[in-house]
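Engineer: Residues in the sequence shown are numbered from 60 upward in steps of one, following this note's numbering.
No residue lacks a Cβ here, since even glycine has one placed at the ideal position from N, Cα and C.
On a predicted model such as this, the values are computed, not experimentally measured, just so you know.
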Amino acid sequence: MRRIITFGTFDVYHVGHVNILERAKELGNYLIVGVSTDALNFEKKNRYPIFTEQQRLQMVATTYCVDEVFLEESLEKKGHYIEKYSADILVMGNDWADKFDHLSNLCKVIYLPRTEGISTSEILRIIRKR
Ligand code: C2G
Numbered sequence: 060m061r062r063i064i065t066f067g068t069f070d071v072y073h074v075g076h077v078n079i080l081e082r083a084k085e086l087g088n089y090l091i092v093g094v095s096t097d098a099l100n101f102e103k104k105n106r107y108p109i110f111t112e113q114q115r116l117q118m119v120a121t122t123y124c125v126d127e128v129f130l131e132e133s134l135e136k137k138g139h140y141i142e143k144y145s146a147d148i149l150v151m152g153n154d155w156a157d158k159f160d161h162l163s164n165l166c167k168v169i170y171l172p173r174t175e176g177i178s179t180s181e182i183l184r185i186i187r188k189r
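1. If I follow the unbroken alpha helix (DSSP H) through Leu99, where does it start and stop?
2. Have a look at Leu90, Glu135, Asn105 and Tyr107 and flag the residue whose alpha-carbon is nearest the alpha-carbon of Thr121.
3. Is DSSP giving Met60 helix, strand or coil here?
4. If we count Cβ pairs, one from each stretch, closer than 8 Å, do we get three or more for the region 103-121 versus the region 144-162?
5. How is Glu81 classed by DSSP in three states: helix, strand or coil?
Given below as structure tokens:
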């Protein structure tokens, strides 16, 4: 049994998000996803996501390849979450490349390429233009 953990905001949920969850799941048998809280987003980006943490959590939780979800309250608590959920592999998009290498003493760390041509900010830009 190999347990995978990954993290994200998953705001304005799109196929790029689903792609990374599917590929993360293929690396093991059980996929745990930390969805960042509204407060963590405000701290990082000085704005709240479009969808609330409960809505974002629900969309990720109901994705077929996801086995378990929780709210990620701090970027610095990744080590704590890896231990709490007994994760064997941490998966992150390669926009985070190198950033979590220090956690490789706790579990394997893998960065997967992002899906090209789609992002929450690009979707919002297109909607604003219409
Ligand atoms: N992603 C992707 N392709 C895209 C867009 C996103 O593969 N076109 C991936 C990201 O690399 C990330 C996941 O989908 O692994 C979630 O993306 P975001 O919601 O943008 O997550 P982010 O705000 O970067 O995560 O600890 C991390 C924090 O929770 C923040």
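Structural biologist: According to the structure data:
1. Asp97 to Lys104
2. Leu90
3. coil
4. No, because fewer than three Cβ pairs between the region 103-121 and the region 144-162 fall closer than 8 Å, the two stretches do not touch.
5. helix
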